[in-house]
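Here the working numbering = 1-based position in the sequence shown + 17. Here a beta-carbon is modelled for each residue, glycine too, at the ideal position from N, C-alpha and C. Working notes for the structure below.
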Amino acid sequence: KKGPLRGGFRVTKGGEVDTRGTYTSMAVASLLNIITPELAEGVAEFIARNQTYEGGIGAEPGNEAHGGYTYCGLAALRILNRTDVIDLEALLRWATQRQMSVEGGFQGRTNKLVDSCYSWWVGGIFPLLQDILRPVSTTTSSSSSSSSPSSFEATEDNKTKKSQSQAGGSSSSSNNRTHTHTTNDEDANMANEGQVGVDKEDDNKQPSAARGNSSSSSSAPSPTSSSSSPVSSPGFALFQPVKLQEYILMCCQGERGGLKDKPGKRADYYHTCYSLSGLSMAQHQLLLMDQGSERQSSSNVDCVGGSRNLLERTDPTYNATPENVKRALEFFGKLALPKTWAERKITDSAMDLDMAKTESATAEDSKEAGRDGGTKRGYDDK
Numbered sequence: 018k019k020g021p022l023r024g025g026f027r028v029t030k031g032g033e034v035d036t037r038g039t040y041t042s043m044a045v046a047s048l049l050n051i052i053t054p055e056l057a058e059g060v061a062e063f064i065a066r067n068q069t070y071e072g073g074i075g076a077e078p079g080n081e082a083h084g085g086y087t088y089c090g091l092a093a094l095r096i097l098n099r100t101d102v103i104d105l106e107a108l109l110r111w112a113t114q115r116q117m118s119v120e121g122g123f124q125g126r127t128n129k130l131v132d133s134c135y136s137w138w139v140g141g142i143f144p145l146l147q148d149i150l151r152p153v154s155t156t157t158s159s160s161s162s163s164s165s166p167s168s169f170e171a172t173e174d175n176k177t178k179k180s181q182s183q184a185g186g187s188s189s190s191s192n193n194r195t196h197t198h199t200t201n202d203e204d205a206n207m208a209n210e211g212q213v214g215v216d217k218e219d220d221n222k223q224p225s226a227a228r229g230n231s232s233s234s235s236s237a238p239s240p241t242s243s244s245s246s247p248v249s250s251p252g253f254a255l256f257q258p259v260k261l262q263e264y265i266l267m268c269c270q271g272e273r274g275g276l277k278d279k280p281g282k283r284a285d286y287y288h289t290c291y292s293l294s295g296l297s298m299a300q301h302q303l304l305l306m307d308q309g310s311e312r313q314s315s316s317n318v319d320c321v322g323g324s325r326n327l328l329e330r331t332d333p334t335y336n337a338t339p340e341n342v343k344r345a346l347e348f349f350g351k352l353a354l355p356k357t358w359a360e361r362k363i364t365d366s367a368m369d370l371d372m373a374k375t376e377s378a379t380a381e382d383s384k385e386a387g388r389d390g391g392t393k394r395g396y397d398d399k
C-alpha cells in the first residue's frame, strides 16, 4: 500500500490498516517462523509514523496516542528488533503517566477514565521497556549533576541510532536530538510526579506480609522513595504493581464472577482476559537493577492477597505462558523460511517448464506406445 499507511497490515479484507493489525501479523508470523524481509518491509517505519508528540503510539499517522496501540506497536518492533526507530524515552514518559493516582489502574489515553483492560495494554508496555532499556550506573555529585548521563540507555538494537544522534554535538545541544537526556534529579521528579501516579501518603509504604512474599517485598524499595533516585535504587519497577493489583481485585470483580471495566459496569470476557493478564504482569514484575554498565533484571513476585491469588507468568510480547511460546518457537523454528515472491516466481517458472517437458515426453511416449500396440495387435490377429 502506498502513502502513510505503507508497511501496515489489515486483519480483514476491506478493513482498516492500523497498528493493531500490524502487530497481529508480526506476532503470528514470528511464532510460525514465516517472517521474511519481504513481509517485514516498511513495518517499523509505519509504526514510527504512528508515534505522536505525546510519546505514545496511535492506530495510524495523525491519531491520538492510545494504550492498546502503543503496546501493539512496541511489541511488533520488539519482534522485529527495530525499537531504534521510535523515541523510547518519550514513550516511557507517556506510559508512566497513565497510572491513575487515586484508583491505581491505568487509563488508555490522556484525560480518560481508568479501565481494567489497560492493566495489560498499558501495563504490558513496562516489561517490554524494561527488557529494552537498561539503567546506567552513575556517580553524581552536586557540582556535576547538571551534566550527568541519561538514566536509561538503549540496549544493542538502539545503540547505533543513539551514537549517530550523539555525534552531532555535545550534551549542551542535546535538545536537538530525538532521544532527550535527563539528569538524575529530573528522573526522580518524573518518578514522583507522573511516572508512578500514587498517593503521596502511601509513597514509602511497603506491602504487608498478607499481600504475599514479605521477603521479596521488603527487599525492593519503594519506586517513589524520596531518599534516592530510581537509578541508584537496588531495584525498581516503572509503575506501582501493588496499586494495580488492588484496583483489579478490589474494584473490578463481578458479583457473579468475571472482571469488569470499572465499578458500576458488568463483567465480560474481554475485560476478564486483559485484567487477568495485567494482574499476572503486576504479580511477576521485573525490577531493573543497577549493576554497573551491564543491564540486569530481577524477578520479583509480590502478590496481593497471598499465594492463592498468584497467576501463571505471561510472556510480555505474546501474552501467553512462556512455556507455550517456547514450544511454538521451537517447533516452527525447525521449519525452513517460506520463499519470497521473487523466489517463488523463479521456482514456479522452472516447475512450469519441467511440467511442459514432462507432458511433451509423455505425449511422445503415448504415440510410440500406440504404434507399437497397433502392430502387435495386428500381428496377433493374424
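Cβ pair residue i, residue j closer than 8 Å
{"i": "SER133", "j": "HIS288", "result": "yes"}
{"i": "ASN80", "j": "ASN67", "result": "yes"}
{"i": "ILE149", "j": "LEU97", "result": "no"}
{"i": "LEU48", "j": "ALA345", "result": "yes"}
{"i": "GLY121", "j": "GLN257", "result": "yes"}
{"i": "LEU293", "j": "LEU276", "result": "yes"}
{"i": "GLY295", "j": "SER136", "result": "yes"}
{"i": "PHE123", "j": "GLY84", "result": "yes"}
{"i": "ALA46", "j": "GLY72", "result": "no"}
{"i": "LEU145", "j": "LEU109", "result": "no"}
{"i": "ASP35", "j": "GLY25", "result": "yes"}
{"i": "ALA92", "j": "THR331", "result": "no"}
{"i": "THR87", "j": "LEU255", "result": "no"}
{"i": "GLY57", "j": "ILE103", "result": "This sequence places Ala at residue 57; Gly is not what is there. No, these two residues do not count as a Cβ contact at 8 Å."}
Local Cβ density within 10 Å of residue i, reported as buried at 16 or more and exposed below that
{"i": "ASP278", "result": "buried"}
{"i": "PHE349", "result": "exposed"}
{"i": "ASN336", "result": "buried"}
{"i": "VAL139", "result": "buried"}
{"i": "TYR264", "result": "buried"}
{"i": "TYR286", "result": "exposed"}
{"i": "MET267", "result": "exposed"}
{"i": "ASN317", "result": "buried"}
{"i": "ARG115", "result": "buried"}
{"i": "ALA373", "result": "exposed"}
C-alpha distance - residue i paired with residue j, whole-angstrom precision
{"i": "ARG23", "j": "ASP319", "result": "43 Å"}
{"i": "ARG27", "j": "GLU385", "result": "56 Å"}
{"i": "TYR111", "j": "TYR70", "result": "Note that residue 111 is Trp in the sequence shown, not Tyr. Each residue's alpha carbon lies about 10 Å from the other."}
{"i": "MET368", "j": "ALA378", "result": "15 Å"}
{"i": "PHE63", "j": "ALA44", "result": "16 Å"}
{"i": "THR241", "j": "LYS260", "result": "Any reading at THR241 must be qualified, since the residue scores a pLDDT of 31, below 50, and its modelled position is unreliable; the value itself is stated next. Rounded to the nearest angstrom, the two C-alpha atoms are 13 Å apart."}
{"i": "THR29", "j": "TYR40", "result": "14 Å"}
{"i": "CYS89", "j": "ARG37", "result": "6 Å"}
{"i": "LEU328", "j": "GLU55", "result": "39 Å"}
{"i": "ILE74", "j": "LEU370", "result": "49 Å"}
{"i": "VAL60", "j": "LEU94", "result": "8 Å"}
{"i": "GLY211", "j": "PHE143", "result": "Its pLDDT being 38, under 50, GLY211 is placed unreliably by the model, and the measurement read from it follows with that caveat. Using only the alpha carbons, I get a separation of about 15 Å."}
{"i": "GLY32", "j": "SER383", "result": "52 Å"}
{"i": "ASN128", "j": "ARG99", "result": "30 Å"}
{"i": "PRO400", "j": "ILE52", "result": "Since the displayed the chain opens at 18 and closes at 399, residue 400 lies outside it and no answer follows."}
{"i": "GLU381", "j": "GLU347", "result": "49 Å"}
{"i": "ARG325", "j": "GLY125", "result": "29 Å"}
{"i": "GLN302", "j": "GLY141", "result": "10 Å"}
{"i": "SER42", "j": "PRO280", "result": "34 Å"}
{"i": "ALA82", "j": "ASN341", "result": "31 Å"}
{"i": "CYS290", "j": "ALA284", "result": "11 Å"}
{"i": "GLU77", "j": "GLU272", "result": "38 Å"}
{"i": "THR375", "j": "LYS351", "result": "33 Å"}
{"i": "ALA299", "j": "GLY322", "result": "13 Å"}
{"i": "LEU130", "j": "THR338", "result": "30 Å"}
{"i": "GLN262", "j": "SER297", "result": "9 Å"}
Reduced DSSP category for residue i - H, G, I as helix; E, B as strand; rest coil
{"i": "LEU328", "result": "coil"}
{"i": "LEU346", "result": "helix"}
{"i": "ASN50", "result": "coil"}
{"i": "LEU56", "result": "helix"}
{"i": "VAL318", "result": "strand"}
{"i": "GLN300", "result": "helix"}
{"i": "PHE256", "result": "coil"}
Considering only residues of the region 259 to 294, which uninterrupted beta strand (DSSP E) runs meet the minimum length of 3 residues and lie entirely inside it, listed in chain order? none
Any alpha helix (DSSP H) of 4 or more consecutive residues that is wholly inside the region 79 to 149: 84 to 97, 105 to 113, 135 to 138, 142 to 149
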